[in-house]
Every structure is written in C-alpha cells, then in structure tokens.
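Enquirer: What follows is a single structure, and I will ask about it in a moment.
2 protein chains.
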Amino acid sequence: MPHLDPYFKQVDSLQDKFIDRLRDAVAIPSISSEDARRPDVVKMGEWLAEEIKALGGTVELRQLGKQPGREHLDLPPCILGRYGDDPKKPNVLVYGHYDVQPAQKSDGWATDPFILTIDDKGRMFGRGSTDDKGPVLGWLNAIEAHQKAGVEFPVNLIMCFEGMEENGSEGLDELIAEEAKKFFKEADVVCISDNYWLGTEKPCLTYGVRGCNYYAIEISGPGQDLHSGVYGGVTHEPMTDLIKIMGSLVDPNGKILIKGIDDLVAPMTEQEAALYPPIAFTMDDLHQSLGNECAIWDKKEDALKAKMRYPSLSLHGIEGAFYTPGAKTVIPAKVTGKFSIRTVPNMEIDEVTKLVEAHVNAEFKKLNSKNTFKFHIVHCGKWWVEDPNHPNYTAAAKAVERVFGVKPDMTREGGSIPVTLTFQEQLGKNVLLLPMGSSTDAAHSINEKLDKRNYIEGTKLLGAYLHYVAGEIKRA
Amino acid sequence: MPHLDPYFKQVDSLQDKFIDRLRDAVAIPSISSEDARRPDVVKMGEWLAEEIKALGGTVELRQLGKQPGREHLDLPPCILGRYGDDPKKPNVLVYGHYDVQPAQKSDGWATDPFILTIDDKGRMFGRGSTDDKGPVLGWLNAIEAHQKAGVEFPVNLIMCFEGMEENGSEGLDELIAEEAKKFFKEADVVCISDNYWLGTEKPCLTYGVRGCNYYAIEISGPGQDLHSGVYGGVTHEPMTDLIKIMGSLVDPNGKILIKGIDDLVAPMTEQEAALYPPIAFTMDDLHQSLGNECAIWDKKEDALKAKMRYPSLSLHGIEGAFYTPGAKTVIPAKVTGKFSIRTVPNMEIDEVTKLVEAHVNAEFKKLNSKNTFKFHIVHCGKWWVEDPNHPNYTAAAKAVERVFGVKPDMTREGGSIPVTLTFQEQLGKNVLLLPMGSSTDAAHSINEKLDKRNYIEGTKLLGAYLHYVAGEIKRA
Numbered sequence: 001m002p003h004l005d006p007y008f009k010q011v012d013s014l015q016d017k018f019i020d021r022l023r024d025a026v027a028i029p030s031i032s033s034e035d036a037r038r039p040d041v042v043k044m045g046e047w048l049a050e051e052i053k054a055l056g057g058t059v060e061l062r063q064l065g066k067q068p069g070r071e072h073l074d075l076p077p078c079i080l081g082r083y084g085d086d087p088k089k090p091n092v093l094v095y096g097h098y099d100v101q102p103a104q105k106s107d108g109w110a111t112d113p114f115i116l117t118i119d120d121k122g123r124m125f126g127r128g129s130t131d132d133k134g135p136v137l138g139w140l141n142a143i144e145a146h147q148k149a150g151v152e153f154p155v156n157l158i159m160c161f162e163g164m165e166e167n168g169s170e171g172l173d174e175l176i177a178e179e180a181k182k183f184f185k186e187a188d189v190v191c192i193s194d195n196y197w198l199g200t201e202k203p204c205l206t207y208g209v210r211g212c213n214y215y216a217i218e219i220s221g222p223g224q225d226l227h228s229g230v231y232g233g234v235t236h237e238p239m240t241d242l243i244k245i246m247g248s249l250v251d252p253n254g255k256i257l258i259k260g261i262d263d264l265v266a267p268m269t270e271q272e273a274a275l276y277p278p279i280a281f282t283m284d285d286l287h288q289s290l291g292n293e294c295a296i297w298d299k300k301e302d303a304l305k306a307k308m309r310y311p312s313l314s315l316h317g318i319e320g321a322f323y324t325p326g327a328k329t330v331i332p333a334k335v336t337g338k339f340s341i342r343t344v345p346n347m348e349i350d351e352v353t354k355l356v357e358a359h360v361n362a363e364f365k366k367l368n369s370k371n372t373f374k375f376h377i378v379h380c381g382k383w384w385v386e387d388p389n390h391p392n393y394t395a396a397a398k399a400v401e402r403v404f405g406v407k408p409d410m411t412r413e414g415g416s417i418p419v420t421l422t423f424q425e426q427l428g429k430n431v432l433l434l435p436m437g438s439s440t441d442a443a444h445s446i447n448e449k450l451d452k453r454n455y456i457e458g459t460k461l462l463g464a465y466l467h468y469v470a471g472e473i474k475r476a
Numbered sequence: 001m002p003h004l005d006p007y008f009k010q011v012d013s014l015q016d017k018f019i020d021r022l023r024d025a026v027a028i029p030s031i032s033s034e035d036a037r038r039p040d041v042v043k044m045g046e047w048l049a050e051e052i053k054a055l056g057g058t059v060e061l062r063q064l065g066k067q068p069g070r071e072h073l074d075l076p077p078c079i080l081g082r083y084g085d086d087p088k089k090p091n092v093l094v095y096g097h098y099d100v101q102p103a104q105k106s107d108g109w110a111t112d113p114f115i116l117t118i119d120d121k122g123r124m125f126g127r128g129s130t131d132d133k134g135p136v137l138g139w140l141n142a143i144e145a146h147q148k149a150g151v152e153f154p155v156n157l158i159m160c161f162e163g164m165e166e167n168g169s170e171g172l173d174e175l176i177a178e179e180a181k182k183f184f185k186e187a188d189v190v191c192i193s194d195n196y197w198l199g200t201e202k203p204c205l206t207y208g209v210r211g212c213n214y215y216a217i218e219i220s221g222p223g224q225d226l227h228s229g230v231y232g233g234v235t236h237e238p239m240t241d242l243i244k245i246m247g248s249l250v251d252p253n254g255k256i257l258i259k260g261i262d263d264l265v266a267p268m269t270e271q272e273a274a275l276y277p278p279i280a281f282t283m284d285d286l287h288q289s290l291g292n293e294c295a296i297w298d299k300k301e302d303a304l305k306a307k308m309r310y311p312s313l314s315l316h317g318i319e320g321a322f323y324t325p326g327a328k329t330v331i332p333a334k335v336t337g338k339f340s341i342r343t344v345p346n347m348e349i350d351e352v353t354k355l356v357e358a359h360v361n362a363e364f365k366k367l368n369s370k371n372t373f374k375f376h377i378v379h380c381g382k383w384w385v386e387d388p389n390h391p392n393y394t395a396a397a398k399a400v401e402r403v404f405g406v407k408p409d410m411t412r413e414g415g416s417i418p419v420t421l422t423f424q425e426q427l428g429k430n431v432l433l434l435p436m437g438s439s440t441d442a443a444h445s446i447n448e449k450l451d452k453r454n455y456i457e458g459t460k461l462l463g464a465y466l467h468y469v470a471g472e473i474k475r476a
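Here the protein sequences line up with chains A and B, keeping their order.
Using UniProt numbering, the first residue of the first sequence is number 1, and each one after it goes up by one.
Using UniProt numbering, the first residue of the second sequence is number 1, and each one after it goes up by one.
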C-alpha cells in the first residue's frame with residue numbers, strides 16, 4: 001500500500017497538533033459519574049462534534065433522555081458522526097467514549113489530572129489520555145492526516161462516541177438497537193479502540209471477552225444481631241452456614257467445584273491453542289501486575305488461558321457481617337455472600353445459573369440448619385467472542401505488521417466490555433477490539449497516561465487498518 | 001429475721017423518693033464513650049458521691065489519670081465509698097457503674113432517653129435505668145430505708161462505682177489491684193448487681209461467666225485489590241483461602257471442629273446437672289429473645305447448658321472484603337477473618353490459643369496456596385466461676401426466697417463480665433452476681449427500662465441479702 005507512506009509522514013508532521021488536540025480534550029473534566037460535572041460531559045461531547053465537523057464530517061448529537069433513577073440529570077448526548085459517503089467504499093463503524101473516570105489531584109496524582117503533562121520519557125499524563133480520549137481522537141487525527149497528505153480516505157467512517165461509558169453506558173444499548181437498521185445500517189465491520197496491549201511493546205488484537213454472572217446468597221436466622229457471649233452455641237448462626245456454602249464453590253487453585261460447569265466450556269481447538277505461545281507476555285509481567293508472586297500457574301500459557309478462555313469464580317465479600325477494624329463480638333442476624341463467575345463460550349447464562357442454584361440449594365440442605373436461605377441473581381452479562389480469522393482481523397493484523405513490524409498478539413480479555421456483544425448481536429457484523437494504549441497506562445487509576453509513541457503510531461495504525469479493511473472487504 | 005419487716009415497709013413507703021432518685025440520675029447523660037459527654041460522666045460521679053455523703057457515708061473520688069490512647073480526656077473518677085465501720089460486722093464490697101451506653105431519641109426511643117418516663121404498666125423507661133443506675137441506687141436506697149426504719153445496718157458496705165464500664169473499664173483493673181490490700185482489704189465477700197434475670201418473673205443468682213478468646217486470620221496475596229474479570233482464575237485469591245479456613249472451625253450445629261478443644265471442658269457433675277431443670281426458662285422464651293425459631297436445641301436444658309457451661313465459636317466477619325450493598329467485581333488483596341471462642345472451665349487461655357493456632361496453620365498448609373497467612377490473637381479474657389454453695393450465695397438465696405417467695409435460678413452468663421474475675425483473683429474472696437433487672441429490660445438497646453417492681457423489690461432484696469450475709473459470715 002504505497003499511499004500509506006505519505007499518510008504516515010503526515011502523521012509524524014502533525015504530531016504536535018495532535019497532542020494539542022488531546023490536551024484540549026483532557027482539559028474538559030468530562031466525569032460522567034459526578035452530577036456536578038455533567039455540564040462538562042456535555043461540553044466535551046459538543047467539542048468533539050465541532051472537531052468532526054471542522055474535518056468535514058457530519059454529526060448528530062443524539063439526546064438519550066433522563067438518567068434512569070436520577071431523573072434530575074439529562075444523559076449526555078451520543079455523538080453519531082459520519083465521514084464519507086461513497087457507496088463503493090466499505091463502511092467502518094467505530095465506537096469510543098468521551099467521558100472519563102473521576103480524578104482529583106488529592107487522590108495522589110503527581111500532576112493536575114486535567115492538564116496534559118508530558119515528561120521526558122514521552123509519557124502524556126492526564127485523565128482520559130488513554131481511556132478513551134486518545135483513541136477517539138486517533139480516528140480524527142487519521143482523517144486530518146489523510147486530508148493534509150492528499151491521500152483518499154479509504155472507507156466511509158460511521159462514528160458512535162458515547163458519554164456514559166464510565167457510568168454504566170446508560171441508554172447506549174437502546175440507541176444501538178434503534179439505530180441498527182438506521183444510522184448503523186450500512187456498517188460492514190465494527191472497530192473499537194478502548195482496551196490495552198498485554199504489555200508495553202507489542203500490539204494486540206482482541207477477539208473475545210469473558211461474561212460475568214454475579215450472584216448473592218442470603219442467609220438469615222435470628223431476628224436481630226445477637227451478642228455472641230449470650231447466644232453463642234444456642235442459635236444456628238447465619239455466618240457459619242454462609243461460610244460453608246461459599247467454601248463449597250471454588251478450591252484454592254481456582255477450580256470451580258460446581259458440578260457441570262466444566263462441561264459447558266468449549267473444548268480448545270489446536271488452532272486456538274496455537275495462539276497463546278507467541279503472545280508477548282511473561283510470568284514476570286504477570287507477577288508485576290499482581291503485585292506479588294501469587295499466581296496459580298507456573299507457565300505463561302496456562303495463566304493466559306485461565307484469564308482469557310476458562311471460567312473463574314471469585315468470592316467478593318459478605319454484606320451484613322462485621323467488617324471494620326477491631327473486635328466486635330456479634331452474631332450477625334442476616335448475611336449476604338457475593339460471588340461471581342466469569343463465563344466463556346459456550347456457557348449460556350441460564351444454564352450456568354441453573355447449575356449454581358442447584359449446587360447452593362443442595363449445599364444448604366446438607367447443613368441441616370434452621371436458618372433461612374435465599375439465592376439471588378444480581379446481574380448477568382454474556383461473554384463475547386469473534387472469529388479472529390475474519391477479514392476485519394486480517395486487515396488489523398496487516399496494519400499492525402506494517403506500522404510496528406510485528407504480528408499482533410491475539411488476545412481475549414478477562415473482564416467484560418458489554419458493548420462488543422451489543423454491536424455483534426444488533427448489527428450481526430464482525431467486531432474488532434484494536435487497542436492503542438499499553439498495559440502500564442493506569443486507566444481508572446491515578447496518573448493515567450498515554451505514551452506519545454502509542455498515540456502517534458496508534459494514529460498511524462488506525463489509518464492503516466482502514467486501508468487494509470478497504471482491501472479485504474469489497475462492497476458489492 | 002424479724003427486723004426485715006420494718007425495713008421492707010420503709011422501702012414501700014419511700015418508693016416515690018427512690019424513683020425520684022433514679023429520675024435525677026437518669027437525667028445526667030453520663031455516656032462514657034462520647035468525648036463530649038465526659039463532663040456529664042464526671043458530674044454523675046460527683047452527684048453519686050454527694051448522695052452517699054448525704055446518707056452518712058464517706059467517699060473518695062479516685063482519679064484514674066488520662067484515658068489511654070485518648071490523652072486529651074481525663075478518665076472519670078472511680079467512687080470509693082464506705083458506709084459503716086464496725087469491726088464486728090462483716091464487710092461487703094459492692095460494685096456497680098454510673099456511666100451509660102449512648103442514646104438519642106432519634107435512635108428510635110419512644111421517649112426522651114434522659115427523662116425517666118413511667119408507663120401504666122410500671123415500666124420506667126430511661127437510659128441507665130436498669131444498666132446500672134437502678135441497681136447502684138438500690139444500695140443507697142437500702143441504707144436510707146434502714147435509717148428511716150430505725151433498723152441497724154447489718155454490715156459495713158464498701159462501695160466501688162466506676163464511670164467507664166461501657167467503655168472498656170479503663171483503669172479499673174489497676175485500681176482494684178492497687179486497692180486490694182488497701183481500700184478493699186477488709187472485704188469479706190463481693191456482690192455485683194449488673195446483670196439480669198433469665199426471664200421476667202424469677203430472680204437468679206449468677207455464679208459464672210464464659211471467657212472470650214478473640215482471634216483474627218489474615219490472608220494476603222496480590223499487592224492491591226484486583227479486577228476479578230482481569231485476574232480471576234490467574235491468582236490465588238485470599239478470600240477463597242480465608243473462607244476455607246473459617247469453614248473448618250465450626251459446624252452448622254455449633255460443634256467446634258478444632259481438635260482437642262472438647263477435652264479441655266470440665267465434665268458435668270451430677271450436682272451441676274441438677275441445677276438446670278428447675279431454671280425458669282422455656283424454649284418459647286429462647287425463641288422470643290432470638291427473634292426466630294433458629295435455636296440449635298430442642299430442649300431447654302440443652303440450650304441452657306450450651307449457653308452457660310459449654311464453649312462456642314462464632315464467625316463475626318471479614319475485614320478487607322467487599323461489604324456494601326451492590327455488586328463489586330473485586331478480588332480483595334488482603335482479608336482478615338474474625339472469630340472468637342467463648343471459653344468455660346477448664347479451658348486455659350493459652351492452651352486454647354495453642355490448639356487454635358495449630359489448627360489454622362494446618363488448614364492453611366492443606367490449601368497449598370501461595371498467599372501469605374498470619375494468625376493474630378486479638379484479645380483473650382478468662383471465664384469466671386464460683387462455688388454456688390458458698391455462704392455468700394446461701395445468703396443471697398435466702399434473701400430471694402424471703403422477698404420473692406421462690407428459690408432463685410442458679411445461672412451462669414454466656415457473655416463476659418471481666419470485673420468478676422478481677423475481684424476474685426485480686427481479693428481472693430467469693431464474688432456473687434445478684435441481678436435486679438429482668439430479661440426484657442433492653443440494656444444497651446433503645447427503650448431501656450427497669451420495672452418499678454424490680455427496682456423496689458430489688459431494693460428490698462439487696463438489703464435482705466446484707467442481713468443474711470451478716471448471719472452467714474461471722475467476723476473473727
């Protein structure tokens with residue numbers, strides 16, 4: 001693709017401008033979870049819309065109504081944008097978000113979180129730098145660099161940028177469902193840049209995420225909390241029962257002890273197994289991110305598979321029991337244990353729930369307790385997985401090789417990114433996760449940053465990807 | 001004892017005055033655990049001292065220094081009082097406390113907690129009414145009624161009334177140790193009125209309390225809390241390990257699963273076994289106080305023994321795990337499980353600790369986890385038990401029969417009253433718990449009350465007890 005060279009050159013020339021664009025975006029504290037910042041979220045959306053229009057795109061600020069449960073607040077608008085309208089070109093739908101996590105200097109930031117601050121290693125610190133303002137602006141930068149380089153934009157770009165991602169993506173599913181056959185109708189593929197490389201050197205393409213089934217077990221006995229001196233030994237204690245049941249769910253090596261769960265997991269194919277060894281990841285990387293050498297596994301492949309393609313069960317905590325420092329001699333009257341199962345293909349939500357419910361009911365029955373037992377489904381979200389051999393992925397892999405000189409890692413995420421599944425189900429199109437940032441970016445944490453290299457080479461990557469998509473996907 | 005009749009009559013005549021005395025005491029909000037109320041605690045101590053002096057007693061306000069760990073606060077004084085100094089009479093040391101638990105109308109009280117309010121059933125509502133201002137004033141009322149009746153006071157009364165009982169009894173143990181051979185030197189027996197009848201109709205004498213060994217198990221793994229999506233299945237999870245160990249301590253029927261604990265428990269003698277059947281207590285009483293039919297036992301004797309003379313183990317809660325409502329997908333990095341064992345004769349504190357530590361260490365080793373395990377002894381207090389056939393008890397039993405017309409229940413308390421053991425160990429004298437209030441008094445709770453009957457007949461009881469003590473215990 002000889003027309004990529006002038007595009008890349010132009011990205012390099014424009015890098016200061018692109019960094020200024022990110023600086024302007026970071027300066028707007030678009031924190032979606034704080035009521036007082038809602039006007040800043042709206043301001044950020046409007047700023048983004050103006051940027052798209054200034055580049056020749058068309059934009060609609062789609063209002064999503066009141067925030068459910070907090071009706072004094074309007075949801076920030078979803079930015080529906082379009083750049084290019086050539087029926088001969090493929091249509092690529094890109095998603096991102098312009099809101100950010102909360103941040104205050106006093107949380108422990110080394111610099112003002114809303115002033116982009118670049119250190120001598122090229123690390124650009126600022127809330128939203130990597131999550132997700134940098135990646136969103138990457139698409140705009142790509143448009144601008146094509147224009148300045150005089151290189152024809154290879155696709156029609158359909159943009160969906162939301163302002164509530166860090167606050168439950170309220171209203172987004174409904175919008176996608178409604179626009180699936182309207183604004184998003186022509187989309188041929190979907191690309192989302194909102195996750196991270198596994199390490200710091202090698203890009204990845206992400207083709208799956210685990211789902212999450214979250215449950216609660218409630219056990220109640222006495223009418224009120226009791227003094228353990230006065231009643232210890234006399235009453236059935238809800239904590240004793242709950243701890244027994246929670247202890248029956250998973251063993252210390254992470255093996256889920258609920259009968260039938262393993263049978264639901266899709267067998268590993270040889271083709272899939274071959275994806276793990278090349279992944280740029282070491283046990284040292286893992287220990288560093290765990291903050292300790294407490295990994296269950298000794299081999300990197302096992303750890304990666306455990307995280308990406310096998311289920312897990314975590315015990316999160318207990319509501320209603322004593323939880324502060326100190327020593328309280330209480331028999332809690334009602335306790336609720338919380339746990340969740342990360343799900344993978346082919347674990348259907350309801351099948352998993354059926355097995356879990358049967359298991360905990362049987363365990364409680366075994367106890368022969370006079371306490372009362374209730375099982376609650378708190379929330380369930382399904383896993384998502386794509387065919388990594390789809391032309392959408394082939395295009396992205398070629399772009400990575402062209403920009404970075406390496407084949408990308410093919411990864412799946414352990415945590416959920418629900419919008420992937422929504423796009424897949426509502427549009428029926430292939431969805432690709434193409435991250436820009438690296439594992440050290442500290443999204444959601446203090447001192448969030450995006451490396452200049454990731455931002456500039458990432459902008460090249462997004463543009464190159466669009467060219468390769470145009471090569472792989474021909475419109476009829 | 002014919003001289004009891006004029007005394008009893010006088011108590012009846014003075015009952016309005018005695019209720020006024022309690023009203024004045026309740027009006028001083030002597031909450032020892034609230035910094036801002038400390039002057040009220042001191043005021044209450046001074047008020048009590050004046051009352052004793054007005055009756056012809058001598059009083060020393062013993063200053064106990066600064067409050068440990070909160071050095072901006074002076075501890076309230078301990079009231080050391082004396083009434084009578086006849087070397088031919090026995091000396092009875094009585095203990096009580098003049099501080100109270102916190103209370104605010106907004107906690108749910110039906111009336112102002114610091115205005116004594118009497119309803120048409122004779123229930124006198126007010127904070128401290130039963131715990132422990134009513135019983136403390138009972139001793140003073142007894143003095144006054146003897147004076148007005150012209151009946152000679154049968155003993156020398158040594159009084160020890162502290163102002164920090166509801167806040168850890170700071171400074172008391174040191175004071176008792178220091179005064180054992182001084183102010184308390186002449187004491188022949190000790191009587192404490194600061195616990196409750198088992199029910200509402202029948203008085204009891206309490207000859208034992210369980211001890212409490214409180215432990216914590218700390219398990220840490222990852223360097224910081226982790227996202228269960230990203231790391232579930234990859235790392236050893238401290239919660240999984242902790243729940244397994246906590247689950248190994250006790251079974252749902254309250255049986256302690258720690259090897260060797262049962263062997264430490266003193267066998268039941270026939271004489272002791274005979275004490276339980278006559279106790280006025282039913283399974284209905286138990287269910288009512290539990291607030292539900294979740295008792296482990298079907299027979300009253302079994303329930304009473306479980307509460308009074310067998311050990312129990314309660315799991316109190318977990319520090320460091322998720323505990324609020326809602327659903328957080330966290331892998332807690334460090335969790336601390338809290339549990340305690342109520343101990344009984346002949347379980348020595350250190351022997352129990354040794355067995356517990358060996359058990360939890362062995363359980364952790366079984367897990368084969370790479371997490372880190374620590375065992376903490378939080379605090380341990382020993383059980384106390386007296387010979388219920390001692391003349392001190394015989395005297396009290398005769399007094400109960402004289403005032404109430406029934407033989408008292410002989411009981412042990414499930415919870416701890418550490419001062420009993422301190423007096424027993426430091427003075428080497430027999431200690432008796434002689435309660436005034438009933439099981440429905442709601443000490444520590446909202447709408448605390450003392451029934452008029454319990455206060456007035458209780459005053460008679462305390463006075464009668466002193467006469468019978470004088471009959472049973474002759475000074476050389």
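The beta carbon of each residue, even a glycine, is placed where N, CA and C say it ideally should be.
In the DSSP assignment, the beta strand (DSSP E) including A/D241 goes from what residue to what residue?
Expert: Looking at the DSSP string, A/D241 is not in any beta strand (DSSP E); the run it does join, the alpha helix (DSSP H), is P238 to G247.
Enquirer: Look at A/V26 and A/L116 and say whether their C-beta atoms are less than 8 angstroms apart.
Expert: yes
Enquirer: So for B/G81, helix, strand or coil by DSSP?
Expert: strand
Enquirer: Would you please verify whether the beta carbon of B/E363 is less than 8 angstroms from any beta carbon of chain A?
Expert: no
Enquirer: Report the start-end ranges of each alpha helix (DSSP H) in the UniProt domain "Peptidase M20 dimerisation" (217-366) of chain B that is 4 residues or longer and not cut off at the edges.
Expert: 228-231, 238-247, 261-264, 270-273, 283-290 and 300-308
Enquirer: Output yes or no for whether 8 angstroms exceeds the beta carbon distance between residue 479 of chain B and B/L433.
Expert: In the structure as shown, chain B begins at 1 and stops at 476. Residue 479 of chain B is therefore absent and cannot be evaluated.
Enquirer: Who are the neighbours of B/A103 on chain A, taking C-beta pairs under 7 angstroms?
Expert: Here the premise fails: no neighbours, minimum Cβ distance about 17 angstroms.
Enquirer: Give, in chain order, every residue of the region 372-398 of chain A whose Cβ lies closer than 9 angstroms to some Cβ of chain B.
Expert: T372, V378 and H379
Enquirer: In whole angstroms, give me the CA-to-CA distance for B/P278 and B/G229.
Expert: About 60 angstroms.
Enquirer: Which same chain residues, not among the five before or five after A/I377, have their C-beta less than 7 angstroms away from its C-beta?
Expert: Y215 and T353
Enquirer: Give me whichever residues DSSP pairs with B/K429 in a beta bridge.
Expert: Paired residues: none, contrary to the question.
Enquirer: Assuming residue 545 of chain A and A/T440 are in contact, meaning their beta carbons sit under 8 angstroms apart, how far apart are those beta carbons, in whole angstroms?
Expert: A query on residue 545 of chain A cannot be resolved here, the shown segment of chain A reaching from 1 to 476 and no further.
Enquirer: Contact defined as beta carbons within less than 8 angstroms: I believe A/T343 pairs with A/W383. What is the distance between those atoms, to the nearest angstrom?
Expert: 5 angstroms between Cβ atoms; contact.
Enquirer: Buried or exposed for B/T282, please, with buried defined as at least 16 other CB atoms from any protein chain shown within 10 angstroms of its CB.
Expert: With fewer than 16 other CB atoms across the displayed protein chains lying within 10 angstroms of its CB, B/T282 is exposed.
Enquirer: Are the C-beta atoms of A/K338 and some chain B residue less than 8 angstroms apart?
Expert: yes
Enquirer: To the nearest angstrom, report how far apart B/Y310 and B/A266 are at their CA atoms.
Expert: 9 angstroms
Enquirer: Put A/G414 into one of helix, strand or coil per three-state DSSP.
Expert: coil
Enquirer: How would you label B/S13, buried or exposed, when you count the other beta carbons within 10 angstroms and need 16 or more for buried?
Expert: exposed
Enquirer: Where do the ends of the beta strand (DSSP E) carrying A/M44 lie?
Expert: Segment R38 to A54 is the alpha helix (DSSP H) holding A/M44; no beta strand (DSSP E) there.
Enquirer: Tell me, please, whether the CB atom of A/W197 is closer than 8 angstroms to any CB atom in chain B?
Expert: no
Enquirer: How should B/H72 be labelled, buried or exposed, when 16 other C-beta atoms within 10 angstroms of its C-beta is the threshold for buried?
Expert: With fewer than 16 other CB atoms across the displayed protein chains lying within 10 angstroms of its CB, B/H72 is exposed.
Enquirer: Identify the contact partners of B/D241 in chain A, using a Cβ-Cβ distance below 9 angstroms as the criterion.
Expert: P252
Enquirer: For the alpha helix (DSSP H) that A/V136 lies in, which residues bound it at each end?
Expert: Boundaries of the alpha helix (DSSP H) around A/V136: G134 to A149.
Enquirer: Taking the beta carbon of B/N156 as the centre, do at least 16 other beta carbons fall within 10 Å, making it buried, or is it exposed?
Expert: buried
Enquirer: Which bits of chain B does A/E457 rub up against, with CB to CB less than 8 angstroms?
Expert: Simply none; closest approach about 25 angstroms.
Enquirer: State buried or exposed for A/K88, treating a residue as buried only when at least 16 other CB atoms are found within 10 Å of its CB.
Expert: Flag for A/K88 reads exposed.
Enquirer: Is it true that the CB of A/I219 sits closer than 8 angstroms to the CB of A/F375?
Expert: no
Enquirer: Just confirm the distance between the C-beta atoms of A/I19 and A/L48, as a whole number of angstroms; I'd bet it's less than 8 angstroms.
Expert: Not confirmed; about 17 angstroms, so no contact.
Enquirer: Is it buried or exposed for B/E170, if we count other Cβ within 10 angstroms and need 16 for buried?
Expert: Buried is the call here.
Enquirer: With 16 other CB atoms within 10 Å as the buried threshold, where does A/R70 fall?
Expert: exposed
Enquirer: Could you run through the region 421-434 of chain A and flag, in chain order, every residue whose CB is less than 7 angstroms away from some CB of chain B?
Expert: none
Enquirer: Quick check: what's the CA-CA separation for A/G317 versus B/T336?
Expert: So the alpha carbons of these two residues sit roughly 11 angstroms apart.
Enquirer: Taking the straight line between their C-alpha atoms, what separation do you get for A/L304 and A/L290?
Expert: 14 angstroms
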